[in-house]
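K.L.:
I have a structure I would like to understand better, so I am pasting it below and will then ask my questions one at a time.
In the UniProt record's numbering, the protein residues as written are 1 to 447.
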């Protein structure tokens, strides 16, 4: 018999390969339909899940590793910087020799971490304000704690950008974890132990003697605070109505409607917002409009902030900052995360360094890395083929409007306008391949 290699045969073979025909479909249809795939694909030690999407991600990471590892004589500056960042990320010898110094050197820039330094109250506490502390983490390092501030498209006017105020993210995967009972009990305990271990390492590296019970007490206060913040946030399933999220008001109205207090002082929304916007030389007047996505969170936040001292709040905010940087430090810092990772995801091994670094560089320099990926893996003229196909679909749609008897003339006109207004974004923006100056300028401050 001849070998069948047409598309139908290949598709049928793939379906059969993924099945387990030894299973009884009436008893276990999932095993019958997917058992072959499950048998051939074992969940890696570094993952808590595995699917076709994970396989595609793995293939992408291999391509990124290859292109970032390859030295090119004709690389533009932006691409050179991406490759340099990747090489520095995988250089574990140098990273281990530095210990926690890269992190420790940043802490004074954000009023330090009270639990991991001495005399915080006299050195920083007397001048500390919530507005400046939250704004510094947001504007300098993109860390949004207690209050999520960002500038985005106005949901009711896509041509305008506007300031948004929203609830923040959390240190644990979801607000459910903060019940700290049943399946979540181990995760909460490991989370606090993670905080304590990192604080002790920083104190040791700073040659500061410490009382372990005092560290534990401060970090338990951090956990208590984060639990309250988590409970104050709105559940994701209750945030699906865009009309309920759209609460537009002036900055002056924001101050009047959501008058927070920290350390018996009224939170100055104008100062907070202008501290952030000053980094791009923009002054925001009290007449400027903002959108508050979650008014209920801000109402609940007011009562929470009154319960905690500046030291407690700073300990929490800097912990969230420190937590994100642990994986970029030496091995002894990375190891503090092991029990926490296992409690959350059940994984016993870390992601390979090259994978983590490829994703890190891609996440922080996506257009430079995107250029490398397109050059290496994007199939020929496929982007233009798809663009032409979409243009043809649009043309046919517009031409068939006249044949629709259930639409009146005005509706047909609106439908044509809407179809014409659609802007396709296929694969990648052309300028990352053609405009070297623009790409280089995007990363000009990366050194």
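For each residue, glycine too, the CB sits at the ideal point set by N, CA and C.
From residue 40 to residue 89, what does the alpha carbon distance come to, in whole angstroms?
P.N.:
In the chain shown, residue 40 corresponds to position 40, counting from 1. In the chain shown, residue 89 corresponds to position 89, counting from 1. Their backbone Cα atoms lie some 33 Å apart in a straight line.
K.L.:
When you compare the CB positions of residue 347 and residue 48, do they come within less than 8 Å of one another, or not?
P.N.:
Here residue 347 refers to the residue found at position 347 when the chain shown is read from its first residue. Here residue 48 refers to the residue found at position 48 when the chain shown is read from its first residue. Cβ distance < 8 Å, so residue 347 and residue 48 count as in contact.
K.L.:
I want to see whether chain D comes within less than 8 Å of residue 428, judged by CB atoms only; does it?
P.N.:
Structure shown: chain D not included; a single protein chain is present.
K.L.:
Check this for me: beta carbons of residue 20 and residue 35, under 8 Å apart or not?
P.N.:
Counted from its first residue, the chain shown places residue 20 at position 20. Counted from its first residue, the chain shown places residue 35 at position 35. Yes; because the gap between Cβ atoms is below 8 Å, this pair is in contact.
K.L.:
Which class does residue 152 belong to by DSSP, given the choice of helix, strand or coil?
P.N.:
If you number the chain shown from 1, residue 152 lands on position 152. Here residue 152 sits in strand by DSSP.
K.L.:
Am I right that residue 419 and residue 398 are in contact with their C-beta atoms under 8 Å? What's the rounded C-beta distance?
P.N.:
Residue 419 sits at position 419 when you count from the first residue of the chain shown. Residue 398 sits at position 398 when you count from the first residue of the chain shown. 6 Å between Cβ atoms; contact.
K.L.:
Is it a yes or a no for the segment 240-254 touching the segment 289-306, going by three-plus beta-carbon pairs under 8 Å?
P.N.:
With a cut-off of 8 Å, the segment 289-306 and the segment 240-254 count as touching, because enough Cβ pairs lie within range.
K.L.:
Can the beta-carbon of residue 326 be found less than 8 Å from the beta-carbon of residue 215?
P.N.:
Indexing the chain shown from 1 puts residue 326 at position 326. Indexing the chain shown from 1 puts residue 215 at position 215. The answer is no: Cβ separation not under 8 Å.
K.L.:
Could you say if the segment 367-379 and the segment 426-434 meet the contact criterion of at least three C-beta pairs nearer than 8 Å?
P.N.:
Judged by Cβ distances under 8 Å, the segment 367-379 makes contact with the segment 426-434, as three or more pairs qualify.
K.L.:
Find the nearest neighbour of residue 175 within the set 233, 328, 313 and 141, judged by alpha-carbon distance.
P.N.:
One-based indexing of the chain shown puts residue 175 at position 175. The shortest Cα separation from residue 175 among 233, 328, 313 and 141 belongs to 233.
K.L.:
Taking 7 Å as the cut-off, does the CB of residue 44 come closer than this to any heavy atom belonging to the ligand COA?
P.N.:
In the structure shown, the ligand COA is absent, as is every other ligand, since no ligand is present at all.
K.L.:
May I have the straight-line CA-CA distance separating residue 225 from residue 408, to the nearest angstrom?
P.N.:
To locate residue 225, count along the chain shown from 1; it is residue 225. To locate residue 408, count along the chain shown from 1; it is residue 408. One C-alpha to the other measures close to 58 Å.
K.L.:
For residue 311, tell me which candidate among 32, 117 and 288 has the shortest Cα-Cα distance.
P.N.:
Stepping through the chain shown from its first residue, residue 311 is reached at position 311. Selected option, being the one with the closest Cα: 117.
K.L.:
Out of 423, 401 and 424, which one is the CA nearest neighbour of residue 414?
P.N.:
In the chain shown, residue 414 corresponds to position 414, counting from 1. When each option's Cα is compared against that of residue 414, the closest is 401.
K.L.:
Quick check: the Cα distance between residue 45 and residue 351, rounded to an integer number of angstroms?
P.N.:
As a first step, residue 45 must be located in the chain shown, where it is residue number 45. As a first step, residue 351 must be located in the chain shown, where it is residue number 351. Their Cα atoms are separated by approximately 9 Å.
K.L.:
Would you call the CB atoms of residue 134 and residue 273 closer than 8 Å?
P.N.:
Along the chain shown, read from residue 1 onward, the residue named residue 134 stands at position 134. Along the chain shown, read from residue 1 onward, the residue named residue 273 stands at position 273. Going by C-beta atoms, residue 134 is not nearer than 8 Å to residue 273.
K.L.:
Ignoring anything shorter than 4 residues, give me the alpha helix (DSSP H) runs that lie fully in the segment 225-304, in order along the chain.
P.N.:
Within the segment 225-304, the complete alpha helix (DSSP H) runs of at least 4 residues are 242-245, 251-257 and 269-277.
K.L.:
In three-state DSSP terms, what is residue 166?
P.N.:
Position 166 of the chain shown, counted from the start, is the residue given in the question as residue 166. Three-state DSSP puts residue 166 in a strand.
K.L.:
For residue 258, which of 217, 199, 91 and 165 has the nearest alpha-carbon?
P.N.:
Working through the chain shown from its first residue, we reach residue 258 at position 258. For residue 258, the nearest C-alpha among the options comes from 165.
K.L.:
Measure the beta-carbon distance from residue 131 to residue 275 and round it to whole angstroms, keeping in mind my assumption that it falls under 8 Å.
P.N.:
In the chain shown, counting from the first residue as 1, residue 131 sits at position 131. In the chain shown, counting from the first residue as 1, residue 275 sits at position 275. About 6 Å separates the two Cβ atoms, so the contact holds.
K.L.:
Among 65, 236, 349 and 242, which has the Cα closest to the Cα of residue 170?
P.N.:
Position 170 of the chain shown, counted from the start, is the residue given in the question as residue 170. Residue 170 has its Cα closest to that of 236, out of 65, 236, 349 and 242.
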